[in-house]
Amino acid sequence: MPMKGRFPIRRTLQYLGQGDVVFKDSVKVMTVNYNTHGELGEGARKFVFFNIPQIQYKNPWVQITMFKNMTPSPFLRFYLDSGEQVLVDVESKSNKEIVEHIRKILGKNEETLEKEEQEKKQLSHPAHFGPRKYCLRECMLVAMAFRWLTGFSECPFWSVSTASETESLMEIVLSCPLVSLTRRTALSQMSF
Numbered sequence: 004m005p006m007k008g009r010f011p012i013r014r015t016l017q018y019l020g021q022g023d024v025v026f027k028d029s030v031k032v033m034t035v036n037y038n039t040h041g042e043l044g045e046g047a048r049k050f051v052f053f054n055i056p057q058i059q060y061k062n063p064w065v066q067i068t069m070f071k072n073m074t075p076s077p078f079l080r081f082y083l084d085s086g087e088q089v090l091v092d093v094e095s096k097s098n099k100e101i102v103e104h105i106r107k108i109l110g111k112n113e114e115t116l117e118k119e120e121q122e123k124k125q126l127s128h129p130a131h132f133g134p135r136k137y138c139l140r141e142c143m144l145v146a147m148a149f150r151w152l153t154g155f156s157e158c159p160f161w162s163v164s165t166a167s168e169t170e171s172l173m174e175i176v177l178s179c180p181l182v183s184l185t186r187r188t189a190l191s192q193m194s195f
């Protein structure tokens, strides 16, 4: 993105990632009511200009709506998933005070953030890919279409089945329209 417009640094990933506010899971909607003129709303205007992009980046599932020049005094309203509303008065506060106040009342604490970061690091291993419901096997050789290396270890549970079960399984696999013709011929020539 080109560095054009007012204060273009606030659109960089480094700046967006520096935001401190990560809302609790119960926060669903945030509305900001502020005025574009007057000294009492200066902190709210700076909050919208500098801090709202960071909050949007850190909380992508929270809907954020801004209302300009509709109220005499600036305030924030949060809608929680329980139907409850939290009203925060931001009149004559600086943008840093507003951020700290929001983080105290509706932000996740440091312990929770560290715990979530650890869980994310554990799941980011290159071997963990795809949906969890498909990653139920310890080894690829446990899958039905692979031959087991019997010289190195015991056969898995499916390889000791009866011949009739194996034949019925092969009929199902060969009749599947998703199996390619070359794979069908290779599977039909295999002996179990």
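So the sequence shown is numbered by this note's numbering: it starts at 4 and just counts up by one. The C-beta atom is built at its ideal place from N, Cα and C for all residues, glycine as well. None of these values were measured; they are calculated from a predicted model.
- Tell me where the beta strand (DSSP E) around residue 88 begins and ends. It spans 88-92 - the beta strand (DSSP E) in which residue 88 sits, taken as one unbroken run.
- Classify residue 124 as buried or exposed, calling it buried when 16 or more other Cβ atoms lie within 10 Å of its own Cβ. Counting every other CB atom within 10 Å of its CB across the protein chains shown gives residue 124 a total below 16, marking it as exposed.
- Item | For residue 118, three-class secondary structure by DSSP | Helix at residue 118.
- Proximity test, Cβ basis, 8 Å: residue 87 and chain C: No chain C appears in the structure shown, which is made up of a single protein chain.
- Item | Nearest to residue 107 (by Cα), restricted to the options 80, 97, 8 and 25 | With distances taken between Cα atoms, residue 107 lies closest to 25.
- Under a three-way DSSP split, which group does residue 20 fall into? Note: residue 20 maps to helix in three-state DSSP.
- Query: residue 74: beta carbon under 7 Å from a heavy atom of the ligand GTP?
  - Reply: Although the ligand GTP was asked about, the structure shown includes no ligands whatsoever.
- Report the rounded CA-to-CA distance for residue 221 versus residue 73, giving the unit in angstroms. Not covered by the structure: residue 221. The range shown for the chain is 4 to 195.
- Helix or strand or just coil, what does DSSP make of residue 163? Residue confidence for residue 163 is low, a pLDDT of 45 falling below 50, so the modelled location carries little weight and cannot support an answer.
- Any idea which residues DSSP pairs residue 60 with across the strands? Paired residues: none, contrary to the question.
- Collapsed DSSP secondary structure at residue 38 in the structure displayed: Reduced to three states, the DSSP call for residue 38 is coil.
- Contacts around residue 18, its chain only, beta-carbon distance under 6 Å, and the 5 residues preceding and following it disregarded: These residues qualify, in order along the chain: 12.
- What is the DSSP secondary structure of residue 52, counted as helix, strand or coil? Correct three-state label for residue 52: helix.
- Item | residue 77 burial status per 10 Å Cβ neighbour count (16 or more: buried) | A residue is called buried when at least 16 other Cβ atoms come within 10 angstroms of its Cβ; residue 77 meets this threshold and is buried.
- Item | For residue 9, three-class secondary structure by DSSP | Residue 9 falls in the coil class under three-state DSSP.
- For residue 163, count neighbouring C-beta atoms within 10 Å of its own C-beta (all shown protein chains included) and say buried if the count is 16 or more, exposed if not. Summary for residue 163: the model assigns pLDDT 45, below 50, so the residue's position carries little reliability; its value from the coordinates is reported in the next sentence. The residue in question, residue 163, is exposed, as its Cβ has fewer than 16 Cβ neighbours within 10 Å.
- Query: Closest to residue 103 by CA distance: which of 8, 60, 7 and 50 is it?
  - Reply: In terms of CA proximity to residue 103, 50 leads the group 8, 60, 7 and 50.
- Task: Count the CB pairs spanning the region 58-75 and the region 30-47 that are closer than 8 Å, and state whether there are at least three.
- Result: Result yes; three or more Cβ-Cβ pairs closer than 8 Å.
- In this structure, does DSSP put residue 27 in helix, strand or coil? Reduced to three states, the DSSP call for residue 27 is coil.
- Query: Alpha carbon to alpha carbon, how far is residue 98 from residue 31?
  - Reply: The alpha-carbon separation between residue 98 and residue 31 amounts to approximately 22 Å.
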